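Reading through the structure tokens given below for one structure.
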Amino acid sequence: MLAVSEAIQQMLNAMEPITETETLHIADAVDRILDDSVTSTLDVPSYDNSAMDGYALRLEDLQDTDALTPVGQSLAGHPFTGELKGGECIRIMTGAKIPASANCVIAQESTEVNDQTGKVHMLMSPSKNANIRKQGEELKVGNVVFARGHKLTPVDIGMLASLGIANISVKRQLTIAVFSTGDELVQPGHSKRSDQIYDSNRFVIHAMLARAGYNVVNLGLIPDNKQEIADAFMQAAQHADAIVCSGGVSVGDADYTKQVIEELGSVGFWKVAMKPGKPFAFGQVNGAWFFGLPGNPVSATITLQQLAIPALQRLAGERDVHSLILNAIAGESFKKRAGRADFQRGIVRNENGENRVYSAGPQGSGMLSSLVYGNCLIHLEQDRGNVAKGEFVSIQLLSAPIK
Ligand code: AMP
Ligand code: MG
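Residue numbers for the sequence shown, in numbering that gives the first Met the number 0: 0 to 402.
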């Protein structure tokens, strides 16, 4: 059996990132992957500006008095263009440009206007540069803001906008064909016999891949029939960068996917040392990458997340393909047999400042409820045996693209 890390490494080694790019407006670029690093062409902020509503002044003018004469105002977008002279201050608003020669801002709450004299009394003694956001304090011209291969989040789009960048070069989106196999499967919304089940995998897989940022082509439900499975593969390979299907990769009598793909393409049927999800297929069919997931719904979901998605991320040109692993204390004992890495579904809670993790319920590889009610995967290492309450375990929060 192949260790999980070896399986991932073999796939990553096989994948060459796609090279085709397109230029998109930033409003359309969320979840897309940068084809090049982004360097700032601006200082951010671009000019010294006020962090508060209040008064801009010269610190040295407060040596003999606490009262200064207001001589103008600086508003965001409407700067004061004159220069401060001795004994003067400028009313200033948040984000407004600091007038020439002013070197601090006193917040309005720390001032008082004398109705008779019109002078502003400063009720505290500030330090130099107080409440001033200095030019370039966040970013300087030439700073690398994003590395090549970075996947853009909503705040990243905001950062690009703040740098004045409207259009950006990204990798083209991967197209991934998805289908399910199995004579027992029925499309949701239709009635079924008592010996049939509804096809759930295709919906999970489709949604996860869409969330991961890919263009998904859904080829539907394919019966356990060699010709129909072969047709589905040939059709999928024409348009898609990768094919993800579930079911039929095991050694059962009706596991035609395995037979068909062996005739059509170059594929490895792997036994990966993981639970759930031992059978997994990886290879190529007519130029498209192929990921054959096991049919059991939890196995399909976990192998997609743990094995196929890192490979797809590499193919898509994404830079960081590792997810964050955290520590938690086992809130109860977990049954585990050494020999395979377990991805048990857990519920992690913070109790008195400590993360404690509990089982999310029955762990059968067909029981999607464990993923529905769980909020994390408990990663139990391949060689580990039973886990006693109180031991440390590694967890991975269930987040996009699963949740
Ligand atoms: P298989 O890998 O085809 O042997 O299927 C293993 C188990 O997963 C069987 O109990 C199947 O009925 C079930 N299964 C296969 N495909 C799906 C699917 N698309 N949705 C839900 N269950 C499935
Ligand atoms: Mg089947």
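We put the CB at the ideal spot given by N, CA and C, even for glycine.
Just so it is clear, the structure is predicted and the values come from calculations on it, not from any experiment.
Worksheet item: Rounded to a whole number of angstroms, what is the C-alpha to C-alpha distance between C103 and S49?
Response: Position 104 of the sequence shown, counted from the first residue, corresponds to residue 103. Position 50 of the sequence shown, counted from the first residue, corresponds to residue 49. Whole-angstrom Cα-Cα distance: 9 Å.
Discussion item. Is T459 a contact residue of the ligand MG, with contact defined as CB to any heavy atom under 8 Å?
Written reply: Past the boundaries of the shown model lies residue 459; the chain is included only from 0 to 402, so the question cannot be answered.
Practice prompt. Output the residue ranges of the alpha helix (DSSP H) runs that lie fully inside the segment 210-293 and measure 4 residues or longer, sorted by chain position.
Written response: 225-238, 255-263
Discussion item. Looking at the secondary structure, which residues open and close the beta strand (DSSP E) in which N349 lies?
Written reply: On the sequence shown, position 350 is the one that residue 349 refers to. Unbroken beta strand (DSSP E) run through N349: 340-350.
Worksheet item: Once you ignore the five residues that flank L122 on each side, which residues in its own chain have a CB closer than 7 Å to its CB?
Response: Along the sequence shown, one-based indexing puts residue 122 at 123. So the qualifying residues of the chain are S109, T110, E111.
Worksheet item: Distance, Cα to Cα, Q395 vs G352?
Response: Walking along the sequence shown from the start, residue 395 turns up at place 396. Walking along the sequence shown from the start, residue 352 turns up at place 353. Q395 and G352: Cα-Cα distance of roughly 18 Å.
Practice prompt. Give a yes or no on whether the C-beta atoms belonging to V143 and T38 are separated by under 9 Å.
Written response: Working through the sequence shown from its first residue, we reach residue 143 at position 144. Working through the sequence shown from its first residue, we reach residue 38 at position 39. Cβ distance < 9 Å, so V143 and T38 count as in contact.
Discussion item. When you measure from the CB of G365 to every non-hydrogen atom of the ligand MG, does any distance come out below 8 Å?
Written reply: Counting from 1 along the sequence shown, the entry for residue 365 is found at position 366. Answer for G365: no, Cβ out of range of the ligand MG.
Discussion item. For a test of the three-state rule: what should DSSP assign to G71, helix, strand or coil?
Written reply: As a first step, residue 71 must be located in the sequence shown, where it is residue number 72. Looking at G71 - three-state DSSP - the assignment turns out to be strand.
Discussion item. DSSP three-state label for S368, please.
Written reply: One-based indexing of the sequence shown puts residue 368 at position 369. Helix.
Practice prompt. With DSSP collapsed to three states, give me the class of M121.
Written response: For the purposes of this step, residue 121 is identified with residue 122 of the sequence shown, where counting begins at 1. Looking at M121 - three-state DSSP - the assignment turns out to be strand.
Practice prompt. Measure the alpha-carbon distance for G135 versus V43 and round it to whole angstroms.
Written response: Locating residue 135 in the sequence shown gives position 136, where the first residue counts as 1. Locating residue 43 in the sequence shown gives position 44, where the first residue counts as 1. Straight-line Cα distance between these residues: approximately 5 Å.
Worksheet item: Using the C-alpha atoms, what's the distance from M10 back to E261?
Response: Reading the sequence shown from its first residue, position 262 is the one you call residue 261. Reading the sequence shown from its first residue, position 11 is the one you call residue 10. Spanning the two alpha carbons is a distance of roughly 18 Å.
Worksheet item: In the DSSP assignment, what residue or residues form a beta bridge with V154?
Response: Your numbering for residue 154 matches position 155 in the sequence shown. Answer by DSSP bridge pairing: none, since V154 is not bridged.
Fill in: Range of the contiguous alpha helix (DSSP H) that encloses E353
Against the sequence shown, residue 353 aligns to sequence position 354. No alpha helix (DSSP H) contains E353, which is instead part of the beta strand (DSSP E) from 353-358.
Practice prompt. Go to A310, then tell me how far its beta strand (DSSP E) extends in each direction, as first and last residue.
Written response: Here residue 310 corresponds to residue number 311 of the sequence shown, with the count starting at 1. Per DSSP, A310 belongs to no beta strand (DSSP E); it is in the alpha helix (DSSP H), 308-315.
Worksheet item: Do K270 and G291 have their CB atoms nearer than 9 Å?
Response: Here residue 270 corresponds to residue number 271 of the sequence shown, with the count starting at 1. Here residue 291 corresponds to residue number 292 of the sequence shown, with the count starting at 1. Result no, Cβ atoms of K270 and G291 do not sit closer than 9 Å.
Practice prompt. Please name the residue in D34, T93, S393 whose C-alpha comes closest to that of C375.
Written response: On the sequence shown, residue 375 is found 376 positions in, with the first residue counted as 1. The candidate whose alpha carbon is nearest that of C375 is S393.
Item to complete: Can you have a look at L323 and say buried or exposed, based on whether 16 or more other CB atoms are within 10 angstroms of its CB?
Response: Your numbering for residue 323 matches position 324 in the sequence shown. So L323 ends up on the exposed side.
Worksheet item: Exposed or buried, T300, counting other C-beta atoms within 10 Å across all chains shown (16 or more means buried)?
Response: Here residue 300 refers to the residue found at position 301 when the sequence shown is read from its first residue. Buried is the call here.
Practice prompt. Look at the alpha carbon of L138 and the alpha carbon of G163, and state the distance between them as a whole number of angstroms.
Written response: Residue numbering aside, residue 138 sits at position 139 when the sequence shown is read from its first letter. Residue numbering aside, residue 163 sits at position 164 when the sequence shown is read from its first letter. Roughly 14 Å between the two C-alpha positions.
Discussion item. By the three-class DSSP mapping on this structure, what secondary structure does R90 have?
Written reply: Here residue 90 refers to the residue found at position 91 of the sequence shown. Strand at R90.
Fill in: Cβ separation of P78 and A95, assumed to be a contact under 8 Å, to the nearest whole Å
What you label residue 78 is simply residue 79 of the sequence shown in a count that begins at 1. What you label residue 95 is simply residue 96 of the sequence shown in a count that begins at 1. Going by Cβ atoms, the distance from P78 to A95 rounds to 6 Å, so yes, they are a contact pair.
Practice prompt. Compute the beta-carbon to beta-carbon distance between K225 and V248, rounded to the nearest angstrom, for a pair I have assumed lies under 8 Å.
Written response: The residue given as residue 225 occupies position 226 in the sequence shown. The residue given as residue 248 occupies position 249 in the sequence shown. So it is not a contact: roughly 15 Å between Cβ atoms.
Practice prompt. Keeping to the same chain, check which residues put their C-beta closer than 6 Å to that of D30; ignore five residues upstream and five downstream.
Written response: By 1-based counting over the sequence shown, the position of residue 30 is 31. Here the set comprises G212.
Worksheet item: Among A315, V243, G316, R57, which residue has its Cα nearest to the Cα of A280?
Response: Residue mapping note: residue 280 aligns to position 281 of the sequence shown, counting from 1. Ranking the options by Cα distance to A280, first place goes to V243.
Worksheet item: Cβ-heavy atom distance between E227 and the ligand MG below 8 Å?
Response: Within the sequence shown, the letter at position 228 stands for residue 227. No, since every heavy atom of the ligand MG falls outside the 8 Å radius drawn around the Cβ of E227.
Discussion item. Shorter than 8 Å, the distance from the beta carbon of L1 to the closest heavy atom of the ligand AMP, or not?
Written reply: In the sequence shown, residue 1 corresponds to position 2, counting from 1. Flag unset: Cβ of L1 not near the ligand AMP.
Practice prompt. For the alpha helix (DSSP H) containing I7, list its first residue and its last residue.
Written response: The residue labelled residue 7 in the question sits at position 8 within the sequence shown. Here the alpha helix (DSSP H) through I7 covers 3-13.
Worksheet entry | Of the listed residues A28, A231, L74, nearest to D52 (C-alpha basis) | Here residue 52 corresponds to residue number 53 of the sequence shown, with the count starting at 1. That would be L74, whose Cα lies nearest to the Cα of D52.
Discussion item. Going by DSSP in three states, H378 sits in which element: helix, strand or coil?
Written reply: Walking along the sequence shown from the start, residue 378 turns up at place 379. H378: strand per DSSP, three-state reduction.
Worksheet item: Could you give the distance in angstroms between the alpha-carbon of S298 and the alpha-carbon of G363?
Response: The residue given as residue 298 occupies position 299 in the sequence shown. The residue given as residue 363 occupies position 364 in the sequence shown. Rounded to the nearest angstrom, the two C-alpha atoms are 9 Å apart.
Worksheet item: Do the CB positions of L184 and G246 come within less than 9 Å of each other?
Response: The residue you call residue 184 lines up with position 185 of the sequence shown. The residue you call residue 246 lines up with position 247 of the sequence shown. Closer than 9 Å, so yes.
Discussion item. Given a cut-off of 9 Å on the beta-carbon distance, is the pair K170 and I25 in contact?
Written reply: To locate residue 170, count along the sequence shown from 1; it is residue 171. To locate residue 25, count along the sequence shown from 1; it is residue 26. Contact flag unset, no.
Practice prompt. Please confirm whether any heavy atom of the ligand MG lies closer than 8 Å to the CB of D223.
Written response: In the sequence shown, residue 223 corresponds to position 224, counting from 1. Checking every heavy atom of the ligand MG against the Cβ of D223, one is found closer than 8 Å.
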